[in-house]
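Student:
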Amino acid sequence: MCEGVLEWWELVKVRIRDFIIGYCKRKKREERREVDRIQRLIELEYEAGNLGGSFDWVRSATLKAQLRELQERKARAFLERAHSGFLEHNETCSAMFFKSVRARQSRKVMHGVREENGSIVREPEDMVRVTTDHFQGLFKEREIDVEQGNVFLEHLSRRLPEDIREVMEAQISLEEVESALRRMGKGKVPGIDGLPAEFYLKFWGILGPVVLEVLKAILETGVPGGSMAVGVLSLLYKKGEVTDLGNWRPLTMLCVDYKLLAKVLADRLRTALPYVVHEDQTCGVEGRSIRWNLQLIRDSIDSIAWVEDRGLPLMVAALDQAKAFDRVNRSFLFRVLGRLGFGEKFIGWIRTLYVGAGCRVSVNSHLGDVFDLSSGVRQGCPLSALLFVLYMEPLGAAIRADTGVEGLLIPGSGGLRVKMTQYADDTSLLLCKDSCLTRSLAIFGDFTRASGAVLNHAKSSVKFFGRWRGRTDVPGGLSLCEGALRILGVHFETSGSATLNWNMRIAVVQRKLAMWKARYLSFMGKVLVLKVDVLPSLLYLAYIYPLPASLRRPLVRLVFQFMWSGRCEWVARARMLCPIGEGGRGVPHFPLKLDAIFVSFLLTELAHPVIHTSGYLLRVFFSYQARSVMVWSNTGPRAEQLPWHFGHAAKWLREHPEVEVARVGLDHRHLYEEVRKAGSPAPVVGISEVVWEGVQARGLDNRLKDLNWLSLHKCLPVRSIMYRYSLVQSPTCPRSSCGREETVRHVFWDCAFAGVVWARARVLLGLVRGDFVLTWARLERGVGRARGTDRDRFLLWLLMSLFKRGLWEARQNMVKTGRDWGVEGIVRRVEGDLRGRMKREERKWGQHAARERWKGGLGVVCHLDL
């Protein structure tokens, strides 16, 4: 008998896990037996052939396809587990961890590695023990000065409203828990119980009420279940010496039931943060953005240049904390929550999740013993970032309240001075006096004694601007940043910051495209790579700096060299940028897209004035420049001399008068589409949108779509086109028996060889629809609205596309190698492709369903099997 619902739930999870493990073992054994059986059948076929019997090529090919499918399924399962993080992460990290140790051939025991008889020996127990000892010391609670902490708490003037506090302490509901589950990331590493979020989601109709009862019991008793309280610590390498455990970030893999409760509390806490967290802090607070921090630093540096004739100085200090999340003192954190007005009930719920929490280190898939987490907030818990923001609030309040810290005067703000901007543990100070930096560091020292936070002097630096540009002495003992100052992933210099940052981003794009070039991708696959992998790597910077003019052509050149694999571009770039319905491939116009993002962000910030200090600088610099598309009033100062990025945005607005802010200006996607349409080329004469989309019918392979698209453009590299550009010596057909000029139509229709191929193809086309008449117009532009069902029309176009590909590949092979496939070679390839499609659909839908899908208009496969 179980004493309570928590003990019962732990027993249920153990039984579920054991059942799943047993099921997977049985399934794996069955797959192994099936692989052995197929391999034995293949061997028997070859043995029969070697003994003089007939060799069944069709049966052998079928068996090999089945074996290949089983192997691919196994590989996909492995990759999915690796992608989820647990397998790949632990094995990769451990390999990197001991790489330099093996190279040094150390003679002392170092992280579980020692030398015996001239060889390196690694003991998992030693590795786990050393790692456990390191992180147990890191998460050990440190003594703090309570009185000093009270001084910092006195600076907290904001209080949580009573009605918000009542909502936060209300009983949790099933709807809240289900919403948290559905918003939880899929494909993530499960906790120590092994049950992922997908399992809960699949059986939520059964598990939902049970999980809700378990979570309520935890909140009432204040004691989480056994597996819920224990997390698995996985190490993520950052940078630096790999043998130094300080260069590995500890990520905690938590059970899903724990994360559900933490996510529900995090959702409630997120609604309270705007009431108690100052606008200088932008991390984790709804409606605030990290872009505000970067925009403030960027425009503050430019505002100094704007009034440089007045000789204003500015120093920007980027402060970093050492192991910020891991050093959080929980007693100080709970006192901060109480000072801000959070109720004792809600604080007790937070204490339930963190007090008594344990952890086990995972190294090379070996788990260490459980040790207590006496300090820190778990990196991997939905609550961690929000709690850390509250933990840092006393520091920001103390610096803002100190009269000895004088910040930068913001024009247009009515005398407001900004002293700092924060994003989680990254704190940037904007100061105008040496004594201000010294005083700020003294306040941080007091905060260290009060909370346990430690300033990382190695990663904290200062850069001077304005009148102080070129200064080398740094007050306070911090290091001087001689190059660009890196804040939140963006580099800031006295001038040329945009070019510096974009050069780095384009280098990243170049590396990504070089990696993808090794893959044999279709046009549609390459466009997908550009949209999913390349463009997202540019978006973060696009909100801060527009792309400089000097880098636009190199970026576009990179994109189209990737699209055409460095070969001749047969279709104009302007056409390639158009969507499929306009004869293009939908290639993103990168410079235009990045400009639309930057301008729409500025217009959005002007249309909805932000509460952050960066909004004042934006209105000073850009509100007058955007007066043609935004409501503008002459109530504040405006800059006559604009920084480069604002001047670029103003010029862009003047060059695109078609922008209507009420309709598209505040959405960069609509803005991009409107501007792209205004500059797109005229439609291709005689080819409608229906035709362009028809030749790219859904269900065709991407390479068939590419061939149909190039054929319709008449841009395949046939000899008549290549002769025009002096790439070949003769425009005649490469087949010696022809001698006519080789055009696209000639390759696919007029050539005598093509006529024989289509005579064979008409037999298969007639099996789909007996009265179908094949013409060049249909071969070039698709079947259109030919009589028959949609399935019949697709099958007709599929067959025609396959024969077109066979003709083109046969022509290319003959030109390159001199060997002619002949008509039978093309027909065999088409037949093999059809059989493969049928087999794939049988494996996907089952044999009966696949036959039903294909027999309606196509007895082709059945005909081929006879």
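Going from the sequence shown to the working numbering is simple: count from 1 and add 1066. Every residue gets a Cβ at the ideal spot worked out from N, C-alpha and C, and that includes glycine.
(1) Which value, in whole angstroms, describes the spacing of the CA atoms of F1085 and C1425?
(2) My output table needs one value for Y1303: the three-state DSSP class, helix, strand or coil.
(3) Name the DSSP beta bridge partners of S1428, please?
(4) Ordered along the chain, which non-local residues of its own chain (more than five positions away) have a Cβ less than 8 Å from that of E1076?
(5) Assuming V1849 and W1863 form a contact by the criterion Cβ under 8 Å, report the distance between their Cβ atoms to the nearest whole angstrom.
(6) So who's on the other strand from R1826, going by DSSP bridges?
(7) Let me check one thing: in DSSP terms, what residues is W1314 bridge-paired to?
(8) Comparing C-alpha positions only, which one of Y1611, P1602, E1759 and A1423 sits nearest to G1650?
(9) Sorted by chain position, which residues of the same chain lie with C-beta nearer than 6 Å to T1197's C-beta, five sequence neighbours on each side aside?
(10) With 16 as the cutoff for other CB atoms within 10 Å, does I1363 come out buried or exposed?
(11) Should E1890 be labelled buried (16 or more other beta-carbon atoms within 10 Å of its own) or exposed?
(12) Determine the DSSP secondary structure at P1645, reduced to helix, strand or coil.
(13) Within the same chain, show all residues whose beta-carbon is closer than 8 Å to that of R1483, passing over the 5 residues directly before and after it, in chain order.
(14) Do T1487 and D1346 count as a contact pair if the criterion is CB distance below 7 Å?
(15) What residues match up with F1531 in a beta bridge as DSSP calls it?
(16) If you follow the alpha helix (DSSP H) that I1465 is in, where does it begin and where does it stop?
(17) Once the 5 residues before and after K1659 are set aside, which same chain residues still bring their CB inside 6 Å of it?
(18) Exposed or buried, which one is L1302 when buried takes at least 16 other CB atoms within 10 Å?
(19) For K1583 and P1654, which I take to be in contact (beta-carbon distance under 8 Å), what is that distance rounded to the nearest angstrom?
(20) Please classify L1564 as buried or exposed, where buried requires at least 16 neighbouring CB atoms within 10 angstroms.
(21) Assign L1072 to one of two classes, buried (16 or more other C-beta atoms within 10 Å of its C-beta) or exposed (fewer than that).
(22) Count the CB pairs spanning the stretch 1607-1622 and the stretch 1630-1637 that are closer than 8 Å, and state whether there are at least three.
(23) Do V1351 and E1459 come within 7 Å of each other at the CB atom, strictly closer than that value?
(24) What number of angstroms, rounded off, separates the C-alpha of V1757 from the C-alpha of I1572?
(25) Taking Y1341 as part of the alpha helix (DSSP H), name the residues at either end of that continuous run.
(26) To which residues does DSSP link D1492 through a beta bridge?
(27) Can you tell me where the alpha helix (DSSP H) with H1734 in it begins and where it stops?
(28) Looking only at C-alpha atoms, which of C1498, E1286 and G1442 sits nearest to K1389?
(29) Whether or not the stretch 1408-1418 and the stretch 1462-1469 are in contact is what I'm after, with contact meaning three or more pairs of Cβ atoms, one per stretch, closer than 8 Å; do they touch?
(30) Whole angstroms are fine: how far does the CA of V1330 sit from the CA of E1242?
(31) Do L1452 and A1332 have their beta-carbon atoms positioned less than 7 Å apart in this structure?
(32) For D1386, which three-state DSSP category applies?
(33) For the alpha helix (DSSP H) holding H1711, just list the boundary residues, first then last.
(34) Can you tell me the Cβ-Cβ gap for A1945 and L1247, rounded? I've got them flagged as a contact below 8 Å.
(35) Distance check for V1528 and M1570, CA to CA, integer angstroms please.
(36) Give the single residue among L1136, R1081, V1761 and I1087 whose Cα lies nearest to the Cα of R1098.
Tutor: In short, the structure shows the following:
(1) 25 Å
(2) strand
(3) L1433
(4) Excluding residues within five positions, the ones whose Cβ falls inside 8 Å are G1291, G1292 and S1293.
(5) 5 Å
(6) Answer by DSSP bridge pairing: none, since R1826 is not bridged.
(7) For W1314, DSSP records a beta bridge to Y1303.
(8) Ranking Y1611, P1602, E1759 and A1423 by CA distance to the CA of G1650 puts E1759 first.
(9) V1427 and V1429
(10) buried
(11) With fewer than 16 Cβ atoms within 10 Å of its Cβ, E1890 is classed as exposed.
(12) Coil at P1645, not helix or strand.
(13) Cβ within range, chain order: E1472, G1473, L1474, L1475 and I1476.
(14) yes
(15) Partner(s): L1380.
(16) Here the alpha helix (DSSP H) through I1465 covers S1450 to A1467.
(17) Y1738
(18) exposed
(19) Incorrect: roughly 18 Å between the Cβ atoms, too far for contact.
(20) A small correction: the amino acid at residue 1564 is Ala; Leu does not occupy that position in the sequence shown. A1564 should be labelled buried.
(21) So L1072 counts as buried.
(22) Taking a cut-off of 8 Å for Cβ pairs, the stretch 1607-1622 and the stretch 1630-1637 do not touch, as fewer than three such pairs fall below it.
(23) no
(24) 37 Å
(25) V1322 to V1342
(26) Y1489
(27) H1734 to G1745
(28) G1442
(29) The stretch 1462-1469 is not in contact with the stretch 1408-1418.
(30) 6 Å
(31) Yes.
(32) Note: D1386 maps to coil in three-state DSSP.
(33) W1710 to E1721
(34) Outside the displayed span of the chain (1067 to 1932) sits residue 1945, for which this structure offers no information.
(35) 22 Å
(36) L1136
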